[in-house]
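Residue numbers (the numbering used here): 1154 to 1489. All C-beta atoms, glycine included, are put in the ideal place defined by N, C-alpha and C. Predicted model, so just to flag it, every value in this text is computed and none were measured.
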Amino acid sequence: SGRSQAKKSNKRAKEAEKKQREHNEKVAKLTNEHNAKLDQADKANYYAMRDYSHETSMKNWKRGKEIQDFKYLNELKQFEKSNAIGNQQLGLNAEGMAVGIESEQNVIQEAFIQNSFQQQQNLSALKQAYFENRLADKEAGIELQGIGERKLLGQQAVQDSVNQLMSQNALQKESAMVESLIAEGQAQLGQAGKSTMKGRQASKAALHRGLMALESELSGKYKQAALQLAELNVESSLATVGVGLNLQRIDNAIENAEAEAMANAEVMAANMASQIRTSQNNLQQMSLERKVADVNTKAGMMLFPEKLSYDPAPTKPPERIFVDRMKAIPGFVPPA
1154 SGRSQAKKSN KRAKEAEKKQ REHNEKVAKL TNEHNAKLDQ ADKANYYAMR
1204 DYSHETSMKN WKRGKEIQDF KYLNELKQFE KSNAIGNQQL GLNAEGMAVG
1254 IESEQNVIQE AFIQNSFQQQ QNLSALKQAY FENRLADKEA GIELQGIGER
1304 KLLGQQAVQD SVNQLMSQNA LQKESAMVES LIAEGQAQLG QAGKSTMKGR
1354 QASKAALHRG LMALESELSG KYKQAALQLA ELNVESSLAT VGVGLNLQRI
1404 DNAIENAEAE AMANAEVMAA NMASQIRTSQ NNLQQMSLER KVADVNTKAG
1454 MMLFPEKLSY DPAPTKPPER IFVDRMKAIP GFVPPA
């Protein structure tokens, strides 16, 4: 029975060993089959993900190109718009400069017209002064001539009066002497002796008195004529001095008119020069302002956009190296 029991135990142990070995082989087989599926699935998943990632990268890359092209197109449109606006602004700057230049030209032209008008007025005033003073000078000459003629006529009249007085005085003297001789002759005829002598003496005395009276009267007339001549000379001298003063005033008036005309001409020339300098300064200021405006306009204009190159197309990474899982072998079963 002991041996029998040992056989049974040994038989059971061998059966258990066999079952264990079969189980281990089955587990190893199943494990290897499962690992093979895992390896196959890993490879399939890897290649699927690899292809998917590459396709996604290609789609993103193409979309990025479209976005880049769209942005560049917008930049070109913005550049064209900026250029159009900038060129319009530059045109407006040039137009504003042209308007400013035309305005300054009009100002200068108006100043020239006004200056010419003022010069004409100044020249006309000077010509009028020359005319009036030449006329006054002629009037003064005529007045001097009249003074001289009046003086000569006055002197001639006085001389004629003196000559007439002398003639009358001589006749009166001659008449008195004749009358005295007649009286003396009558005395000689009518009387004799002492009476005759007295009569003659009386006649002589009467003649002497008459002659003295005539001389005295003639002397008074001479004095009166001399006074008249003196008065005439004084009046002529005063009138001549007055005319001389008028001539001096005429000369002074001409000098003043010439000085005033010259001063007016200098003032007009200075005003014209000042207006020209002002216009030149205005033109320089406008030119500077236009340059500044052009610089600011050009600074605000877009530069021509540069097109960037595309990003490199995505490529697939190097393939993964796969290592198959180790084969499972049945576990060790100790012999029974």
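Taken in chain order, the stretch 1385-1444 contains no complete beta strand (DSSP E) segment of 3 residues or longer. Between the stretch 1234-1244 and the stretch 1406-1418 there are fewer than three C-beta pairs closer than 8 angstroms, too few to call the two in contact. Per the coordinates, the alpha-carbon of L1191 lies some 9 angstroms from the alpha-carbon of R1478.
If you check the CB distance, H1207 and K1469 come in under 9 angstroms. In this structure, the alpha-carbon of I1429 lies about 11 angstroms from that of E1263. Setting aside the 5 residues that flank it on each side, Q1272 is surrounded in the same chain by A1418 and M1421, each with a C-beta closer than 8 angstroms to its C-beta; the list follows chain order. In this structure, N1386 is the residue among E1285, S1314, N1386 and E1255 with its C-alpha nearest to the C-alpha of K1304. Looking at A1466, P1483, P1487 and P1488, the one whose alpha-carbon comes closest to that of R1216 is A1466. Exclusion of the five residues before and after V1486 leaves E1170, Q1173, R1174 and N1177 as the residues of its chain whose Cβ lies within less than 8 angstroms of its Cβ.
In the three-state reduction of the DSSP assignment, M1479 falls in the coil class, being assigned neither a helical nor a strand state.
Rounded to whole angstroms, the gap between the alpha carbons of T1431 and A1289 is 45 angstroms. About 55 angstroms separates the beta carbon of R1443 from that of M1211, a gap too long to meet the 8 angstroms contact definition. Residues of the same chain with a CB within less than 7 angstroms of the CB of Q1242, apart from the 5 flanking positions on each side, are T1450 in chain order. The criterion of a C-beta distance shorter than 9 angstroms is not satisfied by F1232 and M1425.
Between the alpha carbons of K1291 and V1396 lies a gap of roughly 11 angstroms. Of the candidates S1390, W1214, T1209 and Y1225, the residue whose Cα lies closest to the Cα of G1299 is S1390. Take Y1283, set aside five residues on each side of it, and the residues of its chain with a beta-carbon closer than 8 angstroms to its own are I1407 and A1410, in chain order.
Inter-residue distance for G1253 and A1278 is about 37 angstroms (C-alpha atoms, whole angstroms). In terms of Cα proximity to E1219, the closest of E1472, P1483, I1474 and Y1463 is Y1463.
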